[in-house]
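Since the structure comes first, as structure tokens, the remarks are kept for the end.
Residue numbers (our numbering): 326 to 720.
Structure, rendered in structure tokens:
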């Protein structure tokens, strides 16, 4: 009887251990991080049985595609990872440049996977633009892909086919060492149709990966770039307050103001979008401190129509010394070239979705910063979070 009791006890302990292990979850062999440009709260029904945080947000202003992708994969903001925009003004040449992985000043999820697995874990990315795929993958990608035919209009289905082909050729998720696949979709296809194409593409991608790797072995993470582009066409018709912020005119007026204060000189050496770049050398030669110059600039700029506030970013990489925040509803225009500059409006909220990998279905209304995506993925595949990430995992 004693032996039988021990045997039953042992079986019970083993059963409880197995149950605990099942609840804990097995580390997924593949993480698929899907970022959808300008996705709002109308997420695809495909993910209804996932863990859905309904109020995701980016913890900084002036969100765009490059800064958003970089923030997701680093778990921090542009202040640390330094990818401030899709383009910025190079101080030396005063020409606009496009970011590359070398401009990311911190580690990414892909980098940490490489460190943890001694290079064995694979990191791949696919996007509409090459630059987006490069930023998502990090400093050492195994492979990236993008829409090669620039003359052809973007199509979500063809991007999905490329992603599945890449997954098969690189044998992602086929061993016990975890792999990362980053996929970036546009909100709509090149024909500007409704979301049916995107939904079909996502369904094809997810079902294809489930078939090849298994739903339990794959963690899907879906989120938005957190902004939408303003459409000003109907503002005047419905008497919505609006106006135009002229980039070069603002720079010239500020330069004239400085000249009246301190004598002739080019005090503002460049302007790009809503950013102003001060000439540090001329200020130093005239023994004018940057603090004094920025204070005077703020006083002057805030008197101009359409300017709500002015933020200082001295010595920060890839951003102007002064960043002008224009009133909601206002447009931007380069008055030298007459180019209309697209204005991004940050979304109040958007979904952050975790799907697959035995994650139970649940909807959470607590606001969640996208900074928490990277540490959550890192914990799920048992690697360190990126080195500038200072937030905790969601689960």
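Cβ coordinates follow ideal geometry from the N, Cα and C atoms, glycine included. Bear in mind the structure is a predicted one, so any value in this text is a computation, not a measurement.
- Scanning its chain for C-beta atoms nearer than 6 angstroms, with the 5 sequence neighbours on each side dropped, one finds around residue 376 the residues 679, 684 and 687, in chain order.
- Straight across, the Cα-Cα distance linking residue 363 with residue 621 is about 37 angstroms.
- Beyond the five residues adjoining it in sequence on each side, residue 406 comes within less than 8 angstroms, by CB distance, of 395, 396, 399, 429, 430, 431 and 713 in the same chain, given in chain order.
- Going by beta carbons, residue 510 and residue 537 fall outside the 8 angstroms limit.
- Cβ contact annotation for residue 682 (same chain, cutoff 6 angstroms, sequence separation greater than five): 353 and 544, in chain order.
- If you look at residue 365, you'll find it isn't in any beta strand (DSSP E); DSSP assigns it neither H nor E.
- Listed in chain order, the non-local C-beta contacts of residue 388 below 6 angstroms within the same chain comprise 551, 552 and 671, local neighbours out to five positions each way being set aside.
- With a threshold of 16 other beta carbon atoms within 10 Å, residue 572 meets it and is buried.
- Excluding the 5 residues flanking it on each side, residue 471 has same chain C-beta neighbours closer than 7 angstroms at 451, 452, 453, 454, 455 and 458, in chain order.
- In the three-state reduction of the DSSP assignment, residue 659 falls in the strand class, which pools E and B.
- The beta strand (DSSP E) runs lying completely inside the segment 640-712 and spanning 3 residues or more are 647-651, 656-659, 664-666, 669-671, 675-681 and 687-689, given in chain order.
- Residue 698 is positioned such that its CB atom lies no closer than 8 angstroms to that of residue 547.
- In this structure residue 667 is exposed. Its beta-carbon is surrounded by fewer than 16 other beta-carbon atoms within 10 angstroms.
- The continuous alpha helix (DSSP H) containing residue 616 extends over residues 615-626.
- DSSP places residue 552 within a strand segment (E or B) once states are collapsed to three.
- The C-beta of residue 675 has 16 or more other C-beta atoms within 10 Å across all chains shown, which makes the residue buried.
- Spatial neighbours of residue 421 in its own chain (CB-CB distance under 8 angstroms, excluding positions within 5 residues in sequence) are listed in chain order as 412, 413, 414, 415 and 597.
- For the 8 angstroms CB-CB criterion, residue 608 and residue 576 do not form a contact.
- Take the alpha-carbon of residue 506 and the one of residue 355: they are about 7 angstroms apart.
- Distances from the alpha-carbon of residue 424 to those of 438, 408, 488 and 467 put 408 closest.
- About 31 angstroms separates the CB atoms of residue 381 and residue 501; that is not less than 8 angstroms, and the two are not in contact.
- Look at residue 585 here: in three-state DSSP terms it is helix.
- Between residue 638 and residue 648, the gap from beta carbon to beta carbon is short of 8 angstroms.
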